[in-house]
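Engineer: 1 is the number of the first residue of the sequence shown in the working numbering; add one for each residue after it.
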Amino acid sequence: MARRADLGTVQIRNEVIGTIAAMAAVEVEGVIEVWKGGSPWSAWTGRSGVRVETQDQDVRIWLDLVVAYGANLPETAGRVQDRVREMVERMTQLNPLEVNVSIHHVQSR
């Protein structure tokens with residue numbers, strides 16, 4: 001994502017938006033971490049757990065999460081969507097059209 005400023009252009013890379021989304025997600029009670037791929041019992045990580053697509057001022061975000069055992073999964077996912085949308089808007093002035101949450105694993109804290 002690039003936008004023109006009075007003195008030049010400002011570019012916010014998708015990786016930065018992904019980092020904001022991941023940090024916002026783990027602030028939500030019940031979220032343990034962003035899932036890194038592979039088996040939860042191995043050290044292998046196949047991917048980052050966050051995907052971001054931008055077009056002009058619009059952004060779509062996909063998050064893969066590990067959530068605490070006992071948490072209400074739909075409520076936790078909804079709170080993640082709200083928090084990620086809030087922080088991405090606040091920090092980037094972009095429009096999050098979608099915040100898609102996929103719960104890949106449940107574990108005890």
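Heads up, the beta-carbon is just placed ideally off N, CA and C, and yes, glycines get one too.
Can you give me the start and stop residues for the beta strand (DSSP E) that residue 51 sits inside?
Structural biologist: Where residue 51 is concerned, the enclosing beta strand (DSSP E) stretches over 50-55.
Engineer: Keeping to the same chain, check which residues put their C-beta closer than 6 Å to that of residue 108; ignore five residues upstream and five downstream.
Structural biologist: 69, listed in sequence order.
Engineer: Note the first and the last residue of the continuous beta strand (DSSP E) segment covering residue 28.
Structural biologist: Per DSSP, residue 28 belongs to no beta strand (DSSP E) and is neither H nor E.
Engineer: Assign residue 64 to one of three DSSP states: helix, strand, or coil.
Structural biologist: Strand, per DSSP.
Engineer: Does the distance from the CB of residue 77 to the CB of residue 52 come in under 9 Å?
Structural biologist: Not in contact: residue 77 and residue 52 (Cβ atoms no closer than 9 Å).
Engineer: What first and last residue would you give for the alpha helix (DSSP H) that runs through residue 73?
Structural biologist: Residues 73-92.
Engineer: Residue 12 by DSSP, collapsed to three states: which one?
Structural biologist: Looking at residue 12 - three-state DSSP - the assignment turns out to be coil, as it is neither helix nor strand.
Engineer: With DSSP as the reference, please indicate the residues paired to residue 103 in a beta bridge.
Structural biologist: The partner list for residue 103 (beta bridge, DSSP) reads 65.
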